[in-house]
Amino acid sequence: MSSEPNTAELSVLRELAAAGAAGLRTASQWQSWLWHAERFAYLGFTNTMLVWAQRPDAVLLHDYAGWKRLGCQVTGGEHGIRIISASGTGKVVSLFDLTQTEGPATVVKSHKGASSGIRPGSQDALTALALRAGYRVAGIRPVETPTIDWEAKTIRATSGDLPALAAQVAHVLVHDDEHQCGTVTATAESASVTFLICRRLGLDTSWITFPHVTSWAGSDPRANPAAVVARVGDRVLRAALKAFVCIDATTHPTARSVTGPRRAVVAVAARDSGTRAGTGTTARQRSDELLRVLSEAAR
Ligand SMILES: [Zn+2]
Numbered sequence: 001m002s003s004e005p006n007t008a009e010l011s012v013l014r015e016l017a018a019a020g021a022a023g024l025r026t027a028s029q030w031q032s033w034l035w036h037a038e039r040f041a042y043l044g045f046t047n048t049m050l051v052w053a054q055r056p057d058a059v060l061l062h063d064y065a066g067w068k069r070l071g072c073q074v075t076g077g078e079h080g081i082r083i084i085s086a087s088g089t090g091k092v093v094s095l096f097d098l099t100q101t102e103g104p105a106t107v108v109k110s111h112k113g114a115s116s117g118i119r120p121g122s123q124d125a126l127t128a129l130a131l132r133a134g135y136r137v138a139g140i141r142p143v144e145t146p147t148i149d150w151e152a153k154t155i156r157a158t159s160g161d162l163p164a165l166a167a168q169v170a171h172v173l174v175h176d177d178e179h180q181c182g183t184v185t186a187t188a189e190s191a192s193v194t195f196l197i198c199r200r201l202g203l204d205t206s207w208i209t210f211p212h213v214t215s216w217a218g219s220d221p222r223a224n225p226a227a228v229v230a231r232v233g234d235r236v237l238r239a240a241l242k243a244f245v246c247i248d249a250t251t252h253p254t255a256r257s258v259t260g261p262r263r264a265v266v267a268v269a270a271r272d273s274g275t276r277a278g279t280g281t282t283a284r285q286r287s288d289e290l291l292r293v294l295s296e297a298a299r
């Protein structure tokens, strides 16, 4: 019951994701997407946009059968969050958020928590992550600047300076050599992966800055900035997923807040809602329209 081939719905979903991507223009909008995407990185860029648009406060997603296996029941009358199957079959799949289910308190409890903190073992996790990418980590004196020696496959960072180490590890995860690091797109990529790693480890992220999205994706609709945003978004999520697997295998999560920016992609688009060239429709109006079509299709 969770999937059906539906070309019309599929094209609505693709358009909704593209409208969301086109609405990501400023650094803070990009950061809002990252904040949301951390939980659903495994779904890929397009689906992170779709979840964000349909259920901005989603915390934990499974399909109907998946919830059943966990001993939970999807609450009657709840509409599924429609995403596009990652298997390449292009099927529409319905997922449900934790808040749309009823079941054992343990499931809820393990995904709730108000406090946050740095995961114990974070330094080891980052070192292991570097090693998996083929880089060893060498200590430097605190006065020295952290660097990557791409030739010697060595990251040099001050022991204990976790954010600095995370930033260097992010580079080797998302880039192959220093020649890939010079562009503004590369800066957006490495800053984004750094942000996601730091979030996962419970480290401070307030020091991380992002370039304005239009500075690397462009703003001329003819150049299709939404496609550039999607490509970079997918690269970032792929690198972050490698990091998450390693981090989750080597550290224990601390209790984490599940609240946060409840800003849907439509709201994000609204804050920067210049009229989209040629269409006479703002990204927000278009997203609203697409969401309405989707919810009607769900009835
Ligand atoms: Zn780089």
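Read in order, the letters of the sequence shown are residues 1 to 299 in the working numbering.
Beta carbons: idealized from backbone N, C-alpha and C, even for Gly.
Note that the structure is a prediction, hence the values are computed from the model and not measured.
Whole angstroms are fine: how far does the CA of Val-143 sit from the CA of Ala-164? As a working note, residue 164 is residue 164 in the sequence shown. As a working note, residue 143 is residue 143 in the sequence shown. Looking at the two C-alpha atoms, the distance is approximately 13 Å.
Alpha carbon of Val-172 to alpha carbon of Gly-76, nearest angstrom: For this step, residue 172 is matched to residue 172 along the sequence shown. For this step, residue 76 is matched to residue 76 along the sequence shown. Roughly 47 Å separates the two Cα atoms.
Spatial distance of Ala-17 from Leu-50 (CA atoms): Taking the first residue of the sequence shown as position 1, residue 17 is located at position 17. Taking the first residue of the sequence shown as position 1, residue 50 is located at position 50. Rounded to the nearest angstrom, the two C-alpha atoms are 6 Å apart.
Taking three-plus beta-carbon pairs below 8 Å as touching, is the region 122-131 in contact with the region 147-165? Of all C-beta pairs linking the region 122-131 to the region 147-165, three or more are shorter than 8 Å, placing the two stretches in contact.
Restricting to runs no shorter than 4 residues, where is the alpha helix (DSSP H) found entirely within the region 181-239? 184-201 and 213-217
Sub-8 Å separation of Pro-211 and Val-184 beta-carbons: Here the question's residue 211 lines up with position 211 in the sequence shown. Here the question's residue 184 lines up with position 184 in the sequence shown. Yes, the pair counts as a contact, with Cβ atoms nearer than the cut-off.
What are the start and end residues of the alpha helix (DSSP H) that includes Ser-11? Mapped onto the sequence shown, residue 11 falls at position 11. Where Ser-11 is concerned, the enclosing alpha helix (DSSP H) stretches over 7-23.
Inter-residue Cα distance where the pair is Arg-292 and Ala-53: As a first step, residue 292 is located in the sequence shown; it is residue number 292 there, counting from the start. As a first step, residue 53 is located in the sequence shown; it is residue number 53 there, counting from the start. If I take the Cα positions, the gap works out to 11 Å.
Look up Glu-102 in the DSSP assignment and give the residues it is bridged to. In the sequence shown, the residue the question calls residue 102 occupies position 102. Beta-bridge pairing links Glu-102 to Gln-73.
How many Å lie between Ser-295 and Thr-205 at the Cα? By 1-based counting over the sequence shown, the position of residue 295 is 295. By 1-based counting over the sequence shown, the position of residue 205 is 205. Spanning the two alpha carbons is a distance of roughly 36 Å.
Which same chain residues end up closer than 7 Å to Ile-83 when comparing Cβ atoms and leaving out the 5 residues on each side of it in sequence? Locating residue 83 in the sequence shown gives position 83, counting from the first residue. For Ile-83, where only same-chain residues beyond five positions count, the Cβ hits under 7 Å are Leu-43, Asn-47, Leu-50, Val-51, Val-93 and Leu-95.
Contact defined as beta carbons within less than 8 Å: I believe Thr-209 pairs with Ala-27. What is the distance between those atoms, to the nearest angstrom? Within the sequence shown, the letter at position 209 stands for residue 209. Within the sequence shown, the letter at position 27 stands for residue 27. That pair is a contact at about 7 Å.
Go through its chain and collect everything with a Cβ distance to Ser-11's Cβ below 7 Å, but skip five positions before and after it. Position 11 of the sequence shown, counted from the start, is the residue given in the question as residue 11. If we look at Ser-11 and ignore the five residues flanking it on each side, it has no Cβ neighbours.
Within the same chain, show all residues whose beta-carbon is closer than 6 Å to that of Leu-201, passing over the 5 residues directly before and after it, in chain order. Numbered from its first residue, the sequence shown carries residue 201 at position 201. The residues are Arg-119 and Ser-122.
Any heavy atom of ligand 1 inside 7 Å of the beta-carbon of Gln-168? For the purposes of this step, residue 168 is taken as the residue at position 168 of the sequence shown. No, Cβ of Gln-168 sits at least 7 Å from all heavy atoms of ligand 1.
Check the C-beta distance from Leu-13 over to Phe-40 and give it rounded, since I have them as a contact under 8 Å. Taking the sequence shown and counting its residues from 1, one reaches residue 13 at position 13. Taking the sequence shown and counting its residues from 1, one reaches residue 40 at position 40. So it is not a contact: roughly 15 Å between Cβ atoms.
Starting from Thr-154, follow the beta strand (DSSP E) in both directions and report where the run begins and ends. Taking the sequence shown and counting its residues from 1, one reaches residue 154 at position 154. Segment 154-157, the beta strand (DSSP E) holding Thr-154.
Determine the extent of the beta strand (DSSP E) in which Leu-95 is found, giving its start and end residues. Residue 95 sits at position 95 when you count from the first residue of the sequence shown. Residues 92-97.
Give me the residue from Glu-178, Ala-125, Glu-15 and Val-213 with the minimum Cα distance to Asp-288. Counting from 1 along the sequence shown, the entry for residue 288 is found at position 288. Asp-288 has its Cα closest to that of Glu-15, out of Glu-178, Ala-125, Glu-15 and Val-213.
For the region 136-178, list the beta strand (DSSP E) runs that are entirely contained and at least 3 residues long, ordered along the chain. 136-139, 147-149 and 154-157
Contacting residues, own chain, Cβ-Cβ under 7 Å from Ser-87 (five flanking each side not counted): Position 87 of the sequence shown, counted from the first residue, corresponds to residue 87. Here the set comprises nothing.
Ligand 1 heavy atom lying under 7 Å from the CB of Ser-190: Stepping through the sequence shown from its first residue, residue 190 is reached at position 190. Ser-190: yes, Cβ under 7 Å from ligand 1.
Who are the near neighbours of Ser-85 in its chain, counting only those whose CB is closer than 6 Å to its CB and skipping five residues on each side? Residue numbering aside, residue 85 sits at position 85 when the sequence shown is read from its first letter. Around Ser-85: Lys-91 and Val-93.
Tell me whether His-252 sits in a helix, a strand or coil according to DSSP, three-state version. Stepping through the sequence shown from its first residue, residue 252 is reached at position 252. Of the three classes helix, strand and coil, the one that applies to His-252 here is coil, per DSSP.
Taking Arg-82 as part of the beta strand (DSSP E), name the residues at either end of that continuous run. The residue you call residue 82 lines up with position 82 of the sequence shown. Here the beta strand (DSSP E) through Arg-82 covers 81-84.
Excluding the 5 residues preceding and the 5 following Arg-235 in the sequence, name in chain order all residues of the same chain whose CB lies nearer than 7 Å to its CB. Here residue 235 refers to the residue found at position 235 of the sequence shown. Taken in chain order, the residues that qualify are Val-174 and Glu-189.
Taking Cys-72 as the reference, give the member of Ile-81, Ala-105, Asp-57 and His-79 with the closest Cα. Position 72 of the sequence shown, counting from 1, holds the residue named residue 72. If we check each option's Cα against that of Cys-72, Ala-105 comes out closest.
Which of the three DSSP states, helix, strand or coil, is assigned to Leu-34? Taking the sequence shown and counting its residues from 1, one reaches residue 34 at position 34. Looking at Leu-34 - three-state DSSP - the assignment turns out to be helix.
Tell me the residue span of the alpha helix (DSSP H) that contains Phe-45. Against the sequence shown, residue 45 aligns to sequence position 45. Its alpha helix (DSSP H) spans residues 45-54.
Near His-36, what residues of its chain come up, given a Cβ to Cβ distance below 6 Å and the 5 sequence neighbours on each side ignored? Against the sequence shown, residue 36 aligns to sequence position 36. So the list reads Trp-52, once near-sequence residues are dropped.
Taking the straight line between their C-alpha atoms, what separation do you get for Ala-8 and Leu-290? Taking the first residue of the sequence shown as position 1, residue 8 is located at position 8. Taking the first residue of the sequence shown as position 1, residue 290 is located at position 290. One C-alpha to the other measures close to 12 Å.
If you draw a straight line from the C-alpha of Leu-70 to the C-alpha of Ala-249, how long is it? In the sequence shown, counting from the first residue as 1, residue 70 sits at position 70. In the sequence shown, counting from the first residue as 1, residue 249 sits at position 249. So the two alpha carbons sit approximately 22 Å from each other.
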